[in-house]
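For reference, the structure is listed below as structure tokens.
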Amino acid sequence: DTISVIGLGYIGLPTAAVIASRRKCVIGVDVNQHAVDTINRGDVHIVEPELDIVVHAAVKEGYLRATTRPEPADAFLIAVPTPFKAENGNDHVPDLAYIESASKAVAQVLKAGDLVILESTSPVGATEQMAAWMAEARPDLTFPQTHGEASDIRIAHCPERVLPGHVVRELVENDRVIGGMTAKCSAAATALYQIFVEGECITTTARTAEMAKLTENSFRDVNIAFANELSIICDKIDISIWELIRLANLHPRVNILQPGPGVGGHCIAVDPWFIVSETPDEARLIRTAREVNDYKPQWVIDKVNEAVGKTLIDRPNKTASDISVACLGLAFKADIDDLRESPALKIAEDIKERHPGKVFMVEPNIEEGETSSSLSEISDAVSQADVVVVLVDHKQFREEQIIALLKQKSNVIDTRGMLHG
Ligand code: SAJ
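As structure tokens, then:
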């Protein structure tokens with residue numbers, strides 16, 4: 004059986020490579036020619052632990068190849084982005100354009116009996132919409148029978164739930180929610196996941212599977228918002244948020260997450276809006292959590308400006324252009340190179356644009372451009388800067404030598420609690 008994976012990004016490529024590592028023939032499809040060429044050389048165009056080894060082996064052994072146009076296969080796994088867009092005065096409407104074009108392209112090569120799985124995080128109803136797009140676009144379909152068991156194509160929604168930084172392990176170990184359009188669709192999708200998933204495969208409807216994924220990420224967003232709101236309250240009343248959370252979490256039924264500079268990435272900062280957009284009057288807590296988390300970067304920027312102001316009070320003969328600021332970390336979380344929707348990047352860029360003095364941009368996981376990345380560059384930036392803002396708790400910043408330098412400084416804004424561990 005041939006399995007095709009449409010979209011070779013952070014989810015599609017690891018999934019394609021892991022299936023290929025089980026000695027299944029996998030055709031990866033992506034519109035990005037550079038990604039396709041890189042993969043066909045056995046290399047990767049994204050940073051994710053262990054991914055390079057798995058992709059290299061799969062391509063070398065001939066189980067994985069990439070192309071820009073869909074080819075016939077027995078199963079298709081669609082893993083394309085689902086961002087949001089502004090429409091009719093609403094800033095956060097799900098944008099299904101990538102699913103639409105992927106499903107129409109797949110429709111051109113579909114044959115009776117094929118399985119199509121939507122893995123992209125999607126608003127409720129997207130899988131039904133995808134089925135309708137495919138039915139419309141299928142050239143071979145004279146009498147479209149796209150619903151119920153009579154349909155000749157099996158369609159399911161099986162949302163991905165892997166954590167960036169641990170994708171290769173979680174792809175295999177996590178349980179999967181499998182939402183078939185019908186019971187036969189769920190059974191066909193389960194058989195596919197059982198090729199590589201060691202966790203449980205639990206079946207439900209497509210709509211429930213869509214909502215389950217949105218719920219998981221909204222749960223995390225609401226809980227991070229609670230921590231972020233507490234951090235702002237504690238700052239105002241001069242209590243250490245890090246000590247407070249540690250103490251509160253000693254309670255057997257309390258488990259507060261960690262505050263930070265805001266919520267980034269392409270999932271948690273996006274998916275809750277899919278619920279809000281569908282049920283705006285009911286989703287009050289979910290919307291507020293998004294707003295609390297989206298406000299946090301501005302709060303950090305204000306703190307940095309305050310710290311710059313404070314250093315000037317101590318040094319009356321200086322102006323703001325004499326004050327240097329170091330921004331530690333640009334990625335959206337620790338130990339990855341992913342800048343998508345990164346609050347750290349947003350904060351650092353705002354400071355760089357508005358602050359008249361020197362700004363050190365430090366990101367050990369990105370080597371190109373103007374960022375400092377080596378250990379000596381990190382320690383130089385920390386030693387020289389008048390104000391340091393820790394935006395990401397990368398392992399390089401947790402090195403003893405860097406922590407010691409940070410502890411000597413009087414103007415450190417520690418958004419990740421690195422100095423209070
Ligand atoms: N964050 C905090 N405090 C915390 C935890 C996270 O500020 O205590 C921040 C991070 O710094 C980051 C953001 O939240 O900016 C999101 O990071 P994350 O590690 O919580 O999640 P993601 O976006 O990397 O991956 C999430 C995961 N979802 C859940 O844990 C419920 C993952 O399992 C999903 O597969 C992924 O979204 C996805 O693709 O939807």
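Numbering (UniProt numbering), first residue to last: 4 to 424. Ideal Cβ placement from N, Cα and C applies to all residues, glycine included.
beta-carbon residue i near the ligand SAJ non-hydrogen atom, thresh 7 Å
i, result
"THR18", "no"
"VAL165", "yes"
"THR124", "yes"
"GLN261", "yes"
"ARG343", "no"
"CYS28", "no"
"ARG249", "no"
"ARG223", "yes"
"ASN252", "no"
"CYS270", "yes"
"PHE79", "no"
"LYS306", "no"
"VAL175", "no"
"GLU366", "no"
"GLY267", "yes"
"GLU219", "yes"
"ILE240", "no"
"ALA228", "no"
Expected contact under 8 Å - CB spacing of residue i and residue j to nearest Å
i, j, result
"PRO346", "GLY265", "3 Å"
"THR193", "ALA76", "Incorrect: roughly 18 Å between the Cβ atoms, too far for contact."
"ILE102", "VAL127", "ILE102 to VAL127, Cβ: 14 Å. No contact."
"LEU260", "ASN220", "In fact, because the Cβ distance is near 13 Å, the residues do not count as touching under 8 Å."
"LYS216", "THR124", "5 Å"
"SER382", "GLN411", "Between GLN411 and SER382 the Cβ distance is about 12 Å, and since that is not below 8 Å, they are no contact."
"GLY10", "ALA105", "7 Å"
"VAL362", "VAL311", "Contact doesn't hold; Cβ gap of about 11 Å is too wide."
"VAL175", "VAL385", "Going by Cβ atoms, the distance from VAL175 to VAL385 rounds to 39 Å, so no, they are not a contact pair."
Span of the beta strand (DSSP E), counted from its first residue to its last, around residue i
i, result
"CYS330", "328-331"
"GLY182", "179-183"
"VAL390", "390-393"
"THR5", "5-9"
"GLY65", "Taken as a continuous stretch (DSSP letters only), GLY65 belongs to no beta strand (DSSP E), as it is neither H nor E."
"ILE120", "118-121"
"ARG157", "157-160"
"ILE416", "415-417"
Contacting residues, own chain, Cβ-Cβ under 8 Å from residue i (five flanking each side not counted)
i, result
"PHE146", "Because PHE146 carries a pLDDT of 45, less than 50, the predicted location of this residue cannot be relied on, and no value is offered for it."
"LEU315", "LYS321, THR322, ALA323, ILE326"
"SER377", "PRO367"
"LEU233", "ILE244, LEU247, ILE248, ILE259, PRO262"
"residue 2", "The displayed coordinates of the chain run from 4 to 424. Any statement about residue 2 would go beyond what the structure contains."
Distance between residue j and residue i (C-alpha atoms, nearest Å)
i, j, result
"ALA110", "ASP55", "31 Å"
"PRO52", "HIS169", "7 Å"
"TRP136", "THR130", "10 Å"
"VAL96", "ALA272", "13 Å"
"ALA138", "GLY31", "23 Å"
"TRP302", "GLY420", "16 Å"
"ILE416", "ALA334", "17 Å"
"ASN368", "LEU409", "20 Å"
"ARG164", "ASP224", "15 Å"
"GLU64", "TYR13", "22 Å"
"GLU213", "GLN387", "49 Å"
"CYS237", "PHE199", "46 Å"
"SER24", "PRO17", "10 Å"
"THR185", "ALA209", "9 Å"
"ASP396", "PHE222", "23 Å"
Spatial neighbours of residue i in its chain, beta-carbon cut-off 7 Å, leaving aside the 5 residues before and after
i, result
"GLY116", "ASP155"
"ALA228", "ALA292, VAL295, ASN296"
"THR211", "GLY182"
"ALA108", "PRO73"
"ARG26", "TYR66"
"THR206", "ILE181, GLY183, SER189, THR193"
"ASN177", "ARG164, VAL165, GLY202"
"GLU370", "SER376"
"ILE235", "TRP302"
"GLN36", "THR71"
Residues of its chain near residue i, where Cβ-Cβ distance is below 6 Å and the 5 sequence neighbours each way are ignored
i, result
"VAL47", "LEU54, ASP55, VAL58"
"GLY15", "VAL8, ALA82"
"PHE400", "LEU331"
"THR218", "none"
Range covered by the alpha helix (DSSP H) that runs through residue i
i, result
"MET364", "Per DSSP, MET364 belongs to no alpha helix (DSSP H); it is in the beta strand (DSSP E), 362-365."
"VAL279", "274-281"
"CYS188", "186-196"
"ASN43", "36-43"
Residue i at chain B interface by Cβ criterion, 8 Å
i, result
"PRO283", "No chain B appears in this structure, which consists of one protein chain only."
Residue i: CB within 7 Å of a non-hydrogen atom of the ligand ZN
i, result
"PHE335", "Looking for the ligand ZN in the displayed structure turns up nothing; the ligands present are the ligand SAJ."
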